[in-house]
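Chemist:
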Amino acid sequence: MAGKSKSSVTVKNRKPFAIAMLVVIAWFMITGIFGPLFGKLTSVQENNNSSFLPKGAEATKAADVIQTFSGKDSFNFPTLILFEGDVTPKTIAAVNDHLTKVGSVTLDGTSAKISDYLAPNQQITVFPSQDGKAILGNIPLDGNSIAKLLPNDKPVLPAIVEALRADIKPIADTNGLTHYVTGPGGLLGDLFGAFGTLDSTLLLTTLSVVAIILIIVYRSPILWIIPLLSAMFALSTAGGIVYLLAKNNIIDVDG
(Lines of atoms letter the chains of each structure in order from A; the text may use other names.)
(Lines give C-alpha, C1' and ligand atoms only; values in the text may rest on other atoms or scores of the structure.)
Protein backbone atom coordinates (compact mmCIF):
# COMPACT_ATOMS: atom_id res chain seq x y z
CA MET A 78 0.00 0.00 0.00
CA ALA A 79 2.81 2.39 0.91
CA GLY A 80 4.53 1.72 -2.44
CA LYS A 81 1.33 2.40 -4.41
CA SER A 82 0.67 5.59 -2.44
CA LYS A 83 4.17 6.89 -3.10
CA SER A 84 3.88 6.10 -6.83
CA SER A 85 0.51 7.87 -6.99
CA VAL A 86 1.95 11.00 -5.36
CA THR A 87 4.86 11.02 -7.82
CA VAL A 88 2.53 10.82 -10.83
CA LYS A 89 0.35 13.62 -9.43
CA ASN A 90 3.43 15.80 -8.85
CA ARG A 91 4.54 15.32 -12.44
CA LYS A 92 1.25 16.49 -13.96
CA PRO A 93 1.54 20.18 -12.94
CA PHE A 94 5.16 20.22 -14.19
CA ALA A 95 4.16 18.68 -17.52
CA ILE A 96 1.32 21.17 -17.93
CA ALA A 97 3.66 24.06 -17.10
CA MET A 98 6.19 22.86 -19.70
CA LEU A 99 3.46 22.57 -22.33
CA VAL A 100 2.35 26.14 -21.59
CA VAL A 101 5.94 27.40 -21.91
CA ILE A 102 6.46 25.55 -25.19
CA ALA A 103 3.14 26.88 -26.51
CA TRP A 104 4.16 30.45 -25.61
CA PHE A 105 7.48 30.03 -27.43
CA MET A 106 5.70 28.71 -30.52
CA ILE A 107 3.10 31.49 -30.53
CA THR A 108 5.77 34.16 -30.02
CA GLY A 109 7.88 32.61 -32.76
CA ILE A 110 4.97 33.03 -35.17
CA PHE A 111 3.66 36.47 -34.19
CA GLY A 112 6.84 38.03 -32.75
CA PRO A 113 8.58 38.79 -36.08
CA LEU A 114 5.43 40.56 -37.30
CA PHE A 115 5.61 43.06 -34.41
CA GLY A 116 8.53 44.85 -36.09
CA LYS A 117 6.39 45.47 -39.18
CA LEU A 118 3.62 47.23 -37.26
CA THR A 119 4.73 50.73 -38.30
CA SER A 120 4.43 49.76 -41.98
CA VAL A 121 0.62 49.48 -41.72
CA GLN A 122 0.07 52.75 -39.85
CA GLU A 123 -2.19 55.39 -41.39
CA ASN A 124 -0.90 58.81 -40.33
CA ASN A 125 -2.90 61.06 -42.64
CA ASN A 126 -5.07 63.70 -41.00
CA SER A 127 -8.37 61.96 -41.76
CA SER A 128 -7.26 58.76 -40.02
CA PHE A 129 -7.39 60.58 -36.67
CA LEU A 130 -10.99 61.70 -37.18
CA PRO A 131 -14.35 59.89 -37.19
CA LYS A 132 -15.63 58.93 -40.65
CA GLY A 133 -18.62 61.23 -40.17
CA ALA A 134 -16.53 64.31 -39.28
CA GLU A 135 -16.78 67.30 -41.63
CA ALA A 136 -13.00 67.40 -42.09
CA THR A 137 -12.97 63.73 -43.14
CA LYS A 138 -15.77 64.31 -45.66
CA ALA A 139 -13.93 67.35 -47.04
CA ALA A 140 -10.73 65.31 -47.46
CA ASP A 141 -12.66 62.63 -49.36
CA VAL A 142 -14.14 65.24 -51.69
CA ILE A 143 -10.73 66.84 -52.32
CA GLN A 144 -9.29 63.46 -53.22
CA THR A 145 -11.86 63.03 -55.99
CA PHE A 146 -10.43 66.12 -57.71
CA SER A 147 -6.85 64.82 -57.56
CA GLY A 148 -7.78 61.54 -59.28
CA LYS A 149 -8.16 58.06 -57.88
CA ASP A 150 -5.68 56.30 -60.15
CA SER A 151 -2.63 58.43 -59.36
CA PHE A 152 -1.56 61.82 -58.10
CA ASN A 153 1.77 63.59 -58.21
CA PHE A 154 3.72 63.56 -54.94
CA PRO A 155 6.84 65.69 -55.55
CA THR A 156 10.13 64.88 -53.88
CA LEU A 157 12.58 67.74 -54.38
CA ILE A 158 16.36 67.57 -54.54
CA LEU A 159 18.20 70.81 -53.80
CA PHE A 160 21.83 71.40 -54.78
CA GLU A 161 23.58 74.51 -53.44
CA GLY A 162 26.92 75.89 -54.56
CA ASP A 163 28.60 77.43 -57.60
CA VAL A 164 26.22 76.58 -60.44
CA THR A 165 27.57 76.60 -64.01
CA PRO A 166 26.12 75.29 -67.29
CA LYS A 167 28.45 72.29 -66.93
CA THR A 168 27.14 71.61 -63.41
CA ILE A 169 23.52 71.90 -64.53
CA ALA A 170 24.13 69.47 -67.38
CA ALA A 171 25.85 66.98 -65.06
CA VAL A 172 23.04 67.11 -62.48
CA ASN A 173 20.35 66.86 -65.16
CA ASP A 174 22.04 63.85 -66.77
CA HIS A 175 22.40 62.13 -63.40
CA LEU A 176 18.81 62.68 -62.28
CA THR A 177 17.39 61.32 -65.54
CA LYS A 178 18.94 57.95 -64.59
CA VAL A 179 17.82 57.97 -60.94
CA GLY A 180 14.89 55.69 -61.72
CA SER A 181 17.26 52.70 -61.99
CA VAL A 182 18.30 52.99 -58.32
CA THR A 183 17.19 49.97 -56.26
CA LEU A 184 15.50 50.33 -52.87
CA ASP A 185 16.67 48.83 -49.58
CA GLY A 186 18.39 45.82 -51.14
CA THR A 187 15.22 44.66 -52.95
CA SER A 188 14.39 44.27 -56.62
CA ALA A 189 12.17 47.38 -56.46
CA LYS A 190 13.42 50.51 -58.22
CA ILE A 191 12.55 54.18 -57.92
CA SER A 192 11.10 54.01 -61.44
CA ASP A 193 8.42 51.65 -60.10
CA TYR A 194 7.03 54.52 -58.02
CA LEU A 195 7.33 57.47 -60.40
CA ALA A 196 4.14 59.25 -61.45
CA PRO A 197 2.99 58.20 -64.95
CA ASN A 198 3.44 60.67 -67.81
CA GLN A 199 5.63 62.89 -65.65
CA GLN A 200 9.28 63.79 -66.27
CA ILE A 201 12.10 64.42 -63.84
CA THR A 202 12.87 68.13 -64.21
CA VAL A 203 15.80 70.34 -63.19
CA PHE A 204 15.58 74.11 -62.54
CA PRO A 205 18.62 76.35 -61.91
CA SER A 206 18.08 79.39 -59.73
CA GLN A 207 18.33 82.88 -61.22
CA ASP A 208 21.22 83.86 -58.95
CA GLY A 209 23.28 80.83 -60.02
CA LYS A 210 23.63 79.46 -56.51
CA ALA A 211 21.27 76.48 -56.53
CA ILE A 212 19.70 73.75 -58.63
CA LEU A 213 16.30 72.25 -57.87
CA GLY A 214 15.36 68.81 -59.13
CA ASN A 215 11.82 67.44 -59.01
CA ILE A 216 11.25 63.67 -58.68
CA PRO A 217 7.50 63.20 -59.31
CA LEU A 218 6.39 60.18 -57.30
CA ASP A 219 3.03 58.44 -57.63
CA GLY A 220 1.16 59.09 -54.39
CA ASN A 221 -0.74 55.81 -54.54
CA SER A 222 2.30 53.66 -55.32
CA ILE A 223 4.42 55.00 -52.45
CA ALA A 224 1.63 54.10 -50.01
CA LYS A 225 2.37 50.42 -50.64
CA LEU A 226 5.12 48.26 -49.12
CA LEU A 227 8.41 47.06 -50.56
CA PRO A 228 8.96 43.32 -51.17
CA ASN A 229 10.60 43.20 -47.70
CA ASP A 230 7.44 44.70 -46.13
CA LYS A 231 9.12 48.05 -45.35
CA PRO A 232 7.58 51.45 -46.20
CA VAL A 233 8.40 52.74 -49.68
CA LEU A 234 8.83 56.48 -49.07
CA PRO A 235 11.60 56.36 -46.41
CA ALA A 236 13.50 53.90 -48.62
CA ILE A 237 13.22 56.22 -51.64
CA VAL A 238 14.46 59.22 -49.65
CA GLU A 239 17.39 57.24 -48.26
CA ALA A 240 18.28 55.87 -51.71
CA LEU A 241 18.14 59.35 -53.27
CA ARG A 242 20.48 60.78 -50.64
CA ALA A 243 23.01 58.01 -51.22
CA ASP A 244 22.72 58.27 -55.01
CA ILE A 245 23.15 62.04 -55.39
CA LYS A 246 26.02 62.36 -52.91
CA PRO A 247 28.81 61.44 -55.40
CA ILE A 248 27.58 63.85 -58.10
CA ALA A 249 27.19 66.62 -55.51
CA ASP A 250 30.67 66.04 -54.03
CA THR A 251 32.27 65.90 -57.49
CA ASN A 252 30.83 69.31 -58.39
CA GLY A 253 31.38 70.90 -54.98
CA LEU A 254 27.68 71.12 -54.14
CA THR A 255 25.77 70.51 -50.94
CA HIS A 256 22.63 68.45 -51.41
CA TYR A 257 19.28 68.02 -49.66
CA VAL A 258 16.25 65.79 -50.26
CA THR A 259 13.23 67.90 -49.36
CA GLY A 260 9.70 68.75 -50.46
CA PRO A 261 6.64 66.73 -49.38
CA GLY A 262 8.39 63.43 -50.14
CA GLY A 263 11.56 64.25 -48.23
CA LEU A 264 9.67 65.66 -45.26
CA LEU A 265 7.29 62.72 -44.84
CA GLY A 266 10.01 60.17 -45.60
CA ASP A 267 12.17 61.52 -42.78
CA LEU A 268 9.16 61.75 -40.49
CA PHE A 269 8.17 58.11 -40.98
CA GLY A 270 11.78 56.98 -40.67
CA ALA A 271 12.27 58.95 -37.44
CA PHE A 272 9.17 57.46 -35.82
CA GLY A 273 10.26 53.95 -36.81
CA THR A 274 13.63 54.48 -35.09
CA LEU A 275 11.91 56.07 -32.10
CA ASP A 276 9.76 52.98 -31.54
CA SER A 277 12.84 50.73 -31.36
CA THR A 278 14.77 53.13 -29.12
CA LEU A 279 11.81 53.59 -26.78
CA LEU A 280 11.28 49.83 -26.51
CA LEU A 281 14.95 49.12 -25.68
CA THR A 282 15.04 51.94 -23.12
CA THR A 283 11.87 50.66 -21.46
CA LEU A 284 13.23 47.11 -21.28
CA SER A 285 16.47 48.34 -19.70
CA VAL A 286 14.67 50.38 -17.03
CA VAL A 287 12.23 47.56 -16.21
CA ALA A 288 15.11 45.06 -16.00
CA ILE A 289 16.97 47.24 -13.48
CA ILE A 290 13.83 47.65 -11.35
CA LEU A 291 13.17 43.88 -11.38
CA ILE A 292 16.75 43.10 -10.37
CA ILE A 293 16.45 45.46 -7.40
CA VAL A 294 13.04 44.08 -6.38
CA TYR A 295 13.79 40.35 -6.74
CA ARG A 296 17.45 40.61 -5.62
CA SER A 297 18.32 37.74 -7.90
CA PRO A 298 20.53 37.59 -11.00
CA ILE A 299 18.12 35.14 -12.70
CA LEU A 300 14.59 35.47 -11.31
CA TRP A 301 13.96 38.87 -12.92
CA ILE A 302 14.22 37.32 -16.39
CA ILE A 303 10.94 35.39 -16.00
CA PRO A 304 8.51 38.35 -15.69
CA LEU A 305 10.47 40.33 -18.28
CA LEU A 306 10.28 37.51 -20.81
CA SER A 307 6.58 37.00 -20.17
CA ALA A 308 5.94 40.71 -20.79
CA MET A 309 8.01 40.65 -23.99
CA PHE A 310 6.19 37.56 -25.24
CA ALA A 311 2.80 39.16 -24.56
CA LEU A 312 3.82 42.45 -26.23
CA SER A 313 5.27 40.86 -29.37
CA THR A 314 2.33 38.45 -29.73
CA ALA A 315 -0.22 41.25 -29.34
CA GLY A 316 1.71 43.43 -31.81
CA GLY A 317 1.84 40.61 -34.35
CA ILE A 318 -1.91 40.05 -34.11
CA VAL A 319 -2.59 43.78 -34.50
CA TYR A 320 -0.32 43.84 -37.58
CA LEU A 321 -2.28 41.04 -39.25
CA LEU A 322 -5.60 42.73 -38.46
CA ALA A 323 -4.39 46.08 -39.84
CA LYS A 324 -2.82 44.54 -42.95
CA ASN A 325 -6.11 42.85 -43.81
CA ASN A 326 -8.03 46.14 -43.30
CA ILE A 327 -9.95 44.81 -40.31
CA ILE A 328 -8.75 47.62 -38.04
CA ASP A 329 -6.93 50.95 -38.55
CA VAL A 330 -3.65 51.71 -36.80
CA ASP A 331 -2.19 55.20 -36.51
CA GLY A 332 1.00 56.56 -34.99
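With the sequence shown counted from 1, adding 77 to any position gets you this note's numbering. Glycine included, C-beta positions come from ideal geometry on N, C-alpha and C.
Just confirm the distance between the C-beta atoms of F160 and V172, as a whole number of angstroms; I'd bet it's less than 8 Å.
Modeler: Your pair F160 and V172 checks out as a contact, with CB atoms roughly 6 Å apart and the cut at 8 Å.
Chemist: Quick one: what's got a C-beta closer than 6 Å to V182's C-beta in the same chain, skipping five residues either side?
Modeler: Around V182: I191, A240, D244.
Chemist: Let me check understanding here. Comparing Cα to Cα, which of W301, V164, T278 lies closest to G209?
Modeler: V164
Chemist: Using 8 Å for Cβ pairs, my map puts V233 next to V258. What's the rounded Cβ distance?
Modeler: The pair is not a contact, with the Cβ atoms about 14 Å apart (cut-off 8 Å).
Chemist: What would DSSP say about K149, mapped onto helix, strand or coil?
Modeler: Confidence in K149 is poor, its pLDDT being 49 and thus under 50, which makes the residue's placement too unreliable to answer from.
Chemist: Please classify P261: does DSSP put it in a helix, a strand, or coil?
Modeler: helix
Chemist: Just tell me which of A323, I102, F111, A97 has its CA closest to the CA of L312.
Modeler: Selection A323, I102, F111, A97 evaluated against L312 yields F111 as nearest (Cα-Cα).
Chemist: Go through its chain and collect everything with a Cβ distance to L333's Cβ below 7 Å, but skip five positions before and after it.
Modeler: The chain is shown from 78 up to 332; residue 333 falls before or after that span and cannot be answered.
Chemist: Could I get the ranges of all uninterrupted alpha helix (DSSP H) runs contained in the region 162-238, with 4 residues as the minimum, in chain order?
Modeler: 166-176
Chemist: Using 10 angstroms around the beta-carbon of N48, count the other beta-carbons present and answer buried if the total reaches 16, otherwise exposed.
Modeler: In this structure the chain extends from 78 to 332, so residue 48 is not present and cannot be described.
Chemist: By Cβ distance, which residues of its chain are closer than 7 Å to Y194, with the 5 residues on each side in sequence left out?
Modeler: Excluding sequence neighbours, Y194 sits near L218, D219, S222, I223, V233, I237.
Chemist: What is the C-beta distance between I201 and T177, in whole angstroms, given that I count them as a contact (C-beta under 8 Å)?
Modeler: 6 Å
Chemist: Using beta-carbon positions only, say whether P334 and I212 come within less than 8 Å of one another.
Modeler: Because the chain in this structure spans residues 78 to 332, residue 334 falls outside the shown range and cannot be described.
Chemist: Count the other CB atoms within 10 Å of the CB of N252; is the residue buried (16 or more) or exposed (fewer)?
Modeler: buried
Chemist: Using 10 angstroms around the beta-carbon of T314, count the other beta-carbons present and answer buried if the total reaches 16, otherwise exposed.
Modeler: buried
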